[in-house]
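Data block below; observations after.
In my numbering, the protein residues as written are 426 to 597.
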């Protein structure tokens, strides 16, 4: 009987799915020692010998375990999604909060652009004015050169007409 009980022990180490599908070996061993054991021990061994009858509960327990695992996975995904949504919401808030400062910078740059455009217009006008002065200057220089040439020619002509007068002014 002790040997029979010891031969049942290795079967108990097997996976419960295997035991539920095929408990015939344990049942054969149980029948060999049935009636030789105290009632309390036999009462403990009966569910083991007829473990196939617990297959629906085992399947239900497996389904519950699978459901729990799936629910835990869903909960992790939900938590990760919520964290991501919170991070995105924070990011969106920061981006929306930056809008007024960007608009202010745009306004500042537009005002600066207007000032620069005024400076460009003033510079362009100054360039045109100085170009006009340059054109006039070249014309005036040409006129003055011509006038100088005429004056020099006139002076040469007059110089040629000058004769020495033999007497001095006092003598006259």
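The beta carbon of each residue, even a glycine, is placed where N, CA and C say it ideally should be.
For clarity, every value in this text was computed on a predicted model and none was experimentally measured.
beta-carbon residue i near the ligand ADP non-hydrogen atom, thresh 7 Å
i           : result
residue 552 : No copy of the ligand ADP appears in this structure; indeed no ligand is present at all.
Residue i - containing alpha helix (DSSP H), residue span
i           : result
residue 495 : 480–586
residue 457 : 449–458
residue 472 : 464–474
Whole-number beta carbon distance between residue j and residue i, since they are thought to touch under 8 Å
i           : j           : result
residue 441 : residue 474 : With a Cβ gap of about 15 Å, residue 441 and residue 474 do not count as contacting.
residue 465 : residue 459 : About 14 Å separates the two Cβ atoms, so there is no contact after all.
Outcome for residue i when other beta-carbon atoms lying within 10 angstroms are tallied against a minimum of 16
i           : result
residue 454 : buried
residue 448 : buried
residue 520 : exposed
residue 476 : buried
residue 528 : exposed
residue 470 : buried
Closer than 8 Å to chain D by CB, residue i
i           : result
residue 516 : Looking for chain D here will not work: only one protein chain is present.
Own chain residues within Cβ distance below 7 Å of residue i, not counting five before or after
i           : result
residue 570 : none
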